[in-house]
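As C-alpha cells, the structure follows; a few thoughts come after it.
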Amino acid sequence: MKEEKNFLVGVYEDDSVLLKAISIIRDKGINIHEVYSPFPVHGIEDRLGYKRSRLSIAAFGFGFLGTCLALTMMIGMMTIDWPMIIGGKDFLPFPAFIPVIFEMTVLFSAFGMVGTFFVISNLKPWGVPIQFDLRSTDDKHVLAIELKKNVLGLNDISKILKKSGASEINKKSIKI
Amino acid sequence: MHVESNLRKPLITGGKNLHDVSNDICRRVEEKPSLSWYAAMAVSLIALAIGGYAVFRTLWDGIGMWGLNKTVGWAWDITNFVWWVGIGHAGTLISAILLLFRQRWRMSINRAAEAMTIFAVICAAQFPLIHMGRLWLGAFWALPLPNTYGSLWVNFSSPLLWDVFAISTYFAVSLVFWYIGLIPDFATIRDRAIVAGRKLSAFIYGILSFGWDGAAKTWSRYETVALVLAGLATPLVLSVHTIVSMDFATSVIPGWHTTIFPPYFVAGAIFSGFAMVLTLLIITRKVYKLEDYITIQHLEMMNIVIIVTGSIVGIAYITELFMAWYSGVEYEQYAFYNRVTGPYWWAYFSMMTCNVIAPQLFWFKKIRTNIAATFIISIIVNIGMWFERFVIIVTSLHRDYLPSSWAMFYPTFYDVGIYLFTFGLFFTAYLLFSKFFPVINMAEVKSIIKSTGETSKSLKK
Numbered sequence: 558m559k560e561e562k563n564f565l566v567g568v569y570e571d572d573s574v575l576l577k578a579i580s581i582i583r584d585k586g587i588n589i590h591e592v593y594s595p596f597p598v599h600g601i602e603d604r605l606g607y608k609r610s611r612l613s614i615a616a617f618g619f620g621f622l623g624t625c626l627a628l629t630m631m632i633g634m635m636t637i638d639w640p641m642i643i644g645g646k647d648f649l650p651f652p653a654f655i656p657v658i659f660e661m662t663v664l665f666s667a668f669g670m671v672g673t674f675f676v677i678s679n680l681k682p683w684g685v686p687i688q689f690d691l692r693s694t695d696d697k698h699v700l701a702i703e704l705k706k707n708v709l710g711l712n713d714i715s716k717i718l719k720k721s722g723a724s725e726i727n728k729k730s731i732k733i
Numbered sequence: 471m472h473v474e475s476n477l478r479k480p481l482i483t484g485g486k487n488l489h490d491v492s493n494d495i496c497r498r499v500e501e502k503p504s505l506s507w508y509a510a511m512a513v514s515l516i517a518l519a520i521g522g523y524a525v526f527r528t529l530w531d532g533i534g535m536w537g538l539n540k541t542v543g544w545a546w547d548i549t550n551f552v553w554w555v556g557i558g559h560a561g562t563l564i565s566a567i568l569l570l571f572r573q574r575w576r577m578s579i580n581r582a583a584e585a586m587t588i589f590a591v592i593c594a595a596q597f598p599l600i601h602m603g604r605l606w607l608g609a610f611w612a613l614p615l616p617n618t619y620g621s622l623w624v625n626f627s628s629p630l631l632w633d634v635f636a637i638s639t640y641f642a643v644s645l646v647f648w649y650i651g652l653i654p655d656f657a658t659i660r661d662r663a664i665v666a667g668r669k670l671s672a673f674i675y676g677i678l679s680f681g682w683d684g685a686a687k688t689w690s691r692y693e694t695v696a697l698v699l700a701g702l703a704t705p706l707v708l709s710v711h712t713i714v715s716m717d718f719a720t721s722v723i724p725g726w727h728t729t730i731f732p733p734y735f736v737a738g739a740i741f742s743g744f745a746m747v748l749t750l751l752i753i754t755r756k757v758y759k760l761e762d763y764i765t766i767q768h769l770e771m772m773n774i775v776i777i778v779t780g781s782i783v784g785i786a787y788i789t790e791l792f793m794a795w796y797s798g799v800e801y802e803q804y805a806f807y808n809r810v811t812g813p814y815w816w817a818y819f820s821m822m823t824c825n826v827i828a829p830q831l832f833w834f835k836k837i838r839t840n841i842a843a844t845f846i847i848s849i850i851v852n853i854g855m856w857f858e859r860f861v862i863i864v865t866s867l868h869r870d871y872l873p874s875s876w877a878m879f880y881p882t883f884y885d886v887g888i889y890l891f892t893f894g895l896f897f898t899a900y901l902l903f904s905k906f907f908p909v910i911n912m913a914e915v916k917s918i919i920k921s922t923g924e925t926s927k928s929l930k931k
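Residue numbers (the numbering used here), protein chains in the order written: chain A, 558 to 733; chain B, 471 to 931.
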C-alpha cells in the first residue's frame with residue numbers, strides 16, 4: 558500500500574557536483590532513495606551502487622525465441638504442412654529462410670526488451686510519475702533521501718547536503 | 471564525465487544552458503501554430519486529397535488505371551516504393567549507427583530524422599498495399615495466415631515476402647526506438663504544462679510520457695535499451711534495403727540479376743535519406759530558429775556522408791557497366807547499352823548528373839558549408855535517386871527478349887496522383903510531428919551541452 562513518507566530533497570545544478578555529492582553522502586552512511594535527472598548522467602550508476610542492467614540478457618532471450626519461432630513457422634508451413642516445389646528448391650530451403658529468421662529475431666528481441674524495460678521501470682500510459690521537484694525534467698538534478706531510512710536526523714543530513722553543493726534543500730512528503 | 475578536445479568546434483552554439491534547451495524546443499510545442507504552418511498544412515492536405523482521389527479510383531477500377539503494360543509490368547509504383555524506403559534509411563542510421571560510433575553530432579538531428587524515417591516507410595508501404603487491388607484481402611497474400619485453400623501458405627522462398635517481413639520489422643523497431651527517445655522529452659513538456667497550469671496538455675503529454683520521472687535507475691536501464699536497440703537496428707537498416715534489392719537481384723532479368731545490388735542499394739538508400747534529412751532540416755531550423763542546435767557543422771557532417779555514399783553509388787554505376795561488358799552475356803550487355811543510349815537515355819543522364827556529379831561539389835568547403843547550395847544539392851540528389859530506381863526498373867523491362875514486345879512506359883494521372891498522395895501523407899505527418907512533438911532530442915542535447923557547448927569551450931580556453 559502507498560503510504561506517505563517524508564523526504565529531504567537536495568537540488569543540484571551541475572552533474573559533476575552531483576556525482577561528487579553522491580559519493581560524499583554515501584560515504585557518510587546515508588541512504589539515498591533515488592536521484593532524478595533531466596538527462597542520463599554518466600557514471601551515476603556506479604556512484605549509487607546500482608548493478609549493471611541485465612536487459613541485454615533479456616534481449617538475447619527474446620531474440621532467441623524469435624529465431625526459434627521463425628524456424629518453426631517456416632519449416633512447419635513449407636516443409637511439413639504443404640511441401641511444394643518452388644524453383645526446384647529443397648522442401649527445406651534453409652538459405653531462403655535466413656532473411657525472415659533474421660527479421661523475426663530482431664523484432665522479438667527489440668519488442669521483448671523494450672516491453673521488459675517498461676514493466677520493470679513501471680512505465681505505462683496511465684503511470685503516475687514520482688516527482689520531488691518538477692524541475693528535474695528541465696534543468697535540475699534532484700536527490701531524494703528518505704528520512705525514516707536513515708539514522709541521522711533532518712538537520713545533520715541537511716548540513717551534509719549543503720556541504721556537498723546542493724543549491725536548495727527542501728522537505729517533502731510524498732506517497733509512494 | 472566526457473572530456474572533449476578544445477580543437478573541436480562546439481556542437482551547440484549561442485551559450486545555451488539546460489533551461490534554454492527546454493525553452494527553445496518546448497516553445498514550438500506550446501505556442502499556437504504560425505500562419506506559415508497552416509499554409510504548409512493546407513498545401514499538404516490538398517496534395518493528400520488529390521492523391522486520395524487517385525488512390526480511390528485505383529482501388530475502385532483496378533490497377534488498369536495505371537500506365538503499366540504487358541512489357542513494363544513494374545514502373546512508377548515500385549520506383550516510388552523503393553525511393554521512399556531508401557529515404558527511410560537515414561533516420562535509423564543516424565540514431566543507431568552513429569550512436570554505436572559515438573558521433574555526438576547526431577543528437578540534434580536524430581529526432582527529426584527518425585520521424586522522417588517512420589513517415590517515409592509509411593509512404594513506401596502505400597504502394598504494395600494499393601497495388602494489391604483488394605487490399606482488405608491483402609493480409610492473406612502477404613502474411614502467413616490460415617486460409618480457405620487448405621492452408622496454402624505464403625512462399626518463404628520469395629524475396630517479396632522477405633520484404634514484407636523486413637519492412638514491417640524495420641517500421642516497428644524504428645517506431646519503438648523513436649518513441650523510447652521521445653518519452654523523457656514528453657515528460658519535460660508535461661511538467662512545463664503542469665507548472666503553467668495547462669491541464670489538457672499536462673494530461674495528454676502525461677499519457678504520452680508513460681509516467682517518466684527521470685530516476686537514475688530508469689536512466690541507466692534506458693541507456694542499456696538504447697545501446698542494444700542501436701545494435702539491433704544497425705544490421706536491420708542494412709538488411710532492409712538489401713532485401714529490397716533482392717526483389718530485383720534474385721530475378722533473371724538482365725540489368726537486375728547482379729550481385730552488386732545489396733551494397734549498392736544500401737549506399738543509395740543512405741545517400742537519398744541524408745539528402746531528405748537535409749532538405750527537411752534546413753527548412754525546420756530556419757522556421758523554428760534552431761540555428762544554434764543544428765549548426766553549419768551539422769550540415770557539413772551530413773554533406774560529408776553524402777559525398778561518401780554518392781561516390782559509392784557512382785562506383786556502383788560504373789561497376790555495373792563494366793560487369794555487363796566483362797560478363798560477355800549479350801543480353802546483359804544490351805540491357806546496359808540500351809540503358810545509356812536507348813530511348814530512356816535522358817533518365818540515365820539525369821541519374822548520373824544528379825547522383826554522381828552534383829554531390830562531388832561538396833568537396834569544396836565553401837559549398838558544403840553553404841546553406842543555399844546544400845539545400846539545392848539535397849533536392850537534386852532526391853530527384854537523382856528517383857531516376858536511379860526508374861532507370862533500373864523501367865529500362866531493364868521495356869526492351870524484352872522479344873523485340874515484338876518492346877514498349878515504352880507512359881504514366882497516367884493515377885500514377886502521378888498516387889505519388890502525390892504519398893507526398894501529401896509525408897508532409898502532413900511531418901508537419902503534425904513538428905508542431906506537437908519536440909523536434910530535437912532535448913535530453914540528449916542536454917547531456918552534451920556541458921562538454922560541447924559554447925560557454926564551456928570558451929571557459930576552457
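Ideal Cβ placement from N, Cα and C applies to all residues, glycine included.
beta-carbon residue i near the ligand ATP non-hydrogen atom, thresh 8 Å
i: K835/B; result: For the ligand ATP, the structure offers nothing, since it holds no ligand at all.
Through-space distance from residue j to residue i, alpha-carbon basis
i: I846/B; j: N493/B; result: 31 Å
i: P732/B; j: T483/B; result: 39 Å
i: T729/B; j: L649/A; result: 24 Å
i: R869/B; j: G725/B; result: 11 Å
i: K585/A; j: M670/A; result: 37 Å
i: K905/B; j: A657/B; result: 17 Å
i: G887/B; j: Y523/B; result: 8 Å
i: I592/B; j: K687/B; result: 35 Å
i: A615/A; j: S690/B; result: 15 Å
i: L481/B; j: E693/B; result: 21 Å
i: T528/B; j: K920/B; result: 55 Å
i: F897/B; j: L599/B; result: 20 Å
i: Y801/B; j: T779/B; result: 29 Å
i: H489/B; j: V663/A; result: 37 Å
i: A510/B; j: K540/B; result: 40 Å
i: W816/B; j: P616/B; result: 47 Å
i: P629/B; j: S578/B; result: 36 Å
Contact with chain A by residue i, beta-carbon distance below 9 Å
i: L568/B; result: no
i: D661/B; result: yes
i: W611/B; result: no
i: S690/B; result: yes
i: A560/B; result: no
i: W544/B; result: no
i: G934/B; result: There is no way to answer for residue 934/B, as the model of chain B reaches only from 471 to 931.
i: E501/B; result: no
i: G681/B; result: yes
i: G684/B; result: yes
Counted within 10 angstroms of its Cβ, other Cβ atoms place residue i as buried (16 or more) or exposed
i: V643/B; result: buried
i: P686/A; result: buried
i: F819/B; result: exposed
i: E761/B; result: exposed
i: R572/B; result: exposed
i: M471/B; result: For M471/B, the predicted structure reports a pLDDT of 49, less than 50, and the residue's modelled location is therefore unreliable. The matter cannot be settled from this model.
i: R662/B; result: buried
i: M746/B; result: buried
i: M661/A; result: buried
i: T865/B; result: buried
i: F526/B; result: exposed
i: G561/B; result: buried
i: I637/B; result: buried
i: L748/B; result: buried
Proximity test, Cβ basis, 9 Å: residue i and chain B
i: D584/A; result: no
i: D571/A; result: yes
i: L605/A; result: yes
Taking only beta carbons into account, state which residues of the region 696–725 of chain B come closer than 7 Å to chain A, listed in chain order. V698, L699, L702, L706, S709 and I713
For the region 590–601 of chain A, enumerate the residues whose C-beta is nearer than 9 Å to any C-beta of chain B, in chain order. E591, V592, Y593, S594, P595, F596, P597, V598, H599, G600 and I601
May I have a chain-ordered list of the alpha helix (DSSP H) segments no shorter than 4 residues that lie completely inside the region 615–677 of chain A? 651–677
When you check each C-beta in the region 674–686 of chain A against every C-beta of chain B, which residues fall closer than 8 Å? F674, F675, I677, S678, N679, L680, K681, P682, W683, G684, V685 and P686
Taking the runs of the alpha helix (DSSP H) that are 4 residues or longer, which of them lie wholly in the region 732–806 of chain B? 766–797
Anything in the region 691–704 of chain A with a Cβ closer than 7 Å to a Cβ of chain B? List those residues in chain order, please. L691, S693, T694, D695 and D696
Cβ-based contacts, 8 Å cut-off: residues of the region 654–666 of chain A near chain B: F654, P656, V657, F659, E660, M661, V663, L664 and S666
Output the residue ranges of the beta strand (DSSP E) runs that lie fully inside the region 806–875 of chain B and measure 3 residues or longer, sorted by chain position. none
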